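This report refers to the structure that appears directly beneath it.
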Amino acid sequence: MVIQTKFLKQLQQLELKMTEMGQSCLKGLSLCKHSLYDGDKVLTQEVDELHEEVSTLSRDCDQNCMRILLLQAPVAKDLRRITVATNTVRDLTRIMDQEKEVASLIREMDHSANSEIHDSIAELFMVAKGMISNALNAYMSRDEQVAQDVIQMDDKADAAYLATKNFYTDKLAAKVDDPGNLVNLLLVGKYLERICDHAGNIARWVLYQKSGVLESEE
358 MVIQTKFLKQ LQQLELKMTE MGQSCLKGLS LCKHSLYDGD KVLTQEVDEL HEEVSTLSRD
418 CDQNCMRILL LQAPVAKDLR RITVATNTVR DLTRIMDQEK EVASLIREMD HSANSEIHDS
478 IAELFMVAKG MISNALNAYM SRDEQVAQDV IQMDDKADAA YLATKNFYTD KLAAKVDDPG
538 NLVNLLLVGK YLERICDHAG NIARWVLYQK SGVLESEE
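Right, dumping it as structure tokens:
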């Protein structure tokens, strides 16, 4: 009983750090969006700072997971919980990595050129926010239905990125706008789509924790 209580306490401490990581990812996404639409490059520096904070939290979480494995030697469902936590931390870290890339692309853009930001970019930001938020909620509450909903949302992200890709490749071919901005906006869309993929991964780990079977991404 003492060992189990200690395990649960350590897991709670781990999940507090994971919650902080998730909130930083959501904040970073919001900063990227406002930086792009407002042309405020200063906000991209804040994203870089968040990236450093999340990287530190990620290392702390990895160490916590290793400590639990070595000292508590969890088995069966408890071991699965640590496996899920470890992989969720990895996906949150990747989300923040992608946000840093988005911030870098926005910083490189010439905002005075007033390049058109296609509606699909706004859609990707919205879907990414919803997927990250809901994936975190699903993880913390062990809610399989919410996890399934997150996975279904990935179809919207794929469709929005396809629209982004088609729009900017056509623009590049027509040579009617700043080519550097067009390429960067296309890449922003790609990184946002990858962020959605990682949020979908978190949802799949939630389902794995219950079933022991990891669903592959279709």
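Residues 358 to 575 in the working numbering are what the sequence shown spells out, letter by letter.
Virtual Cβ for every residue (Gly too), placed ideally from N, Cα, C.
This one's a predicted model, so the numbers in the text were calculated from it and none came from an experiment.
query                                                                                                                                                                  : result
Near Lys398, what residues of its chain come up, given a Cβ to Cβ distance below 6 Å and the 5 sequence neighbours on each side ignored?                               : Arg464
Contact check, Ala485 vs Leu549 under 8 Å by CB: the rounded distance?                                                                                                 : 5 Å
So, Ser381 versus Leu400, is the Cβ gap smaller than 8 Å?                                                                                                              : no
Within the continuous alpha helix (DSSP H) that includes Asp555, where are the two ends?                                                                               : Per the sequence presented here, residue 555 reads as His, with Asp not at that position. Note, His555: alpha helix (DSSP H), Pro536 to Ser568.
In the DSSP assignment, the alpha helix (DSSP H) including Met488 goes from what residue to what residue?                                                              : Asp476 to Ser498
Tell me the rounded alpha-carbon separation between Asn523 and Glu473.                                                                                                 : 14 Å
For Ala470, collect the residues of the same chain with a Cβ closer than 8 Å to its Cβ; drop the 5 residues on either side in sequence, then sort them by chain order. : Asp534, Asp535 and Asn538
What do you reckon, are the CB atoms on Cys422 and Leu371 nearer than 8 Å?                                                                                             : yes
By Cβ distance below 7 Å, which residues in the same chain neighbour Lys528 in space, the five residues on each side in sequence not counted?                          : Asp534 and Leu539
Over the uninterrupted alpha helix (DSSP H) stretch that includes Met466, give me the two end residues.                                                                : Where Met466 is concerned, there is no enclosing alpha helix (DSSP H), given that its DSSP letter is neither H nor E.
CA-CA distance, Glu403 and Leu388?                                                                                                                                     : 8 Å
Taking only the alpha-carbon atoms, compute the straight-line gap between Met364 and Gly487 and give it to the nearest angstrom.                                       : Reading the sequence as shown, one finds Phe at residue 364 and not Met. Approximately 31 Å, taken between the alpha carbons.
My assumption, with CB atoms under 8 Å, is that Tyr496 sits in contact with Ile559. Please give the rounded CB distance.                                               : 6 Å
Measuring CB to CB, does Ala460 end up less than 8 Å from Asp405?                                                                                                      : yes
Please classify Val359 as buried or exposed, where buried requires at least 16 other C-beta atoms within 10 Å of its C-beta.                                           : Because Val359 sits at a pLDDT of 48, beneath the cut-off of 50, its placement in the model cannot be relied upon, and the following sentence gives the value as read from the coordinates. That one is exposed.
When we look at the beta-carbon of Lys532 and count the other beta-carbons within 10 Å, is it buried (16 or more) or exposed?                                          : exposed
Pull up the CB-CB distance for Ala517 and Ser477, whole angstroms please, since I reckon it's below 8 Å.                                                               : 5 Å
Please state the DSSP three-state secondary structure of Val441.                                                                                                       : helix
Which class does Met358 belong to by DSSP, given the choice of helix, strand or coil?                                                                                  : Only weak support exists for where Met358 lies, its pLDDT of 48 falling under 50; the coordinates are left without a value.
Nearest to Gln502 by alpha carbon, out of Tyr565, Leu519, Leu436 and Thr443?                                                                                           : Tyr565
Give me the Cα-Cα distance between Asp454 and Thr362, rounded to the nearest whole angstrom.                                                                           : 35 Å
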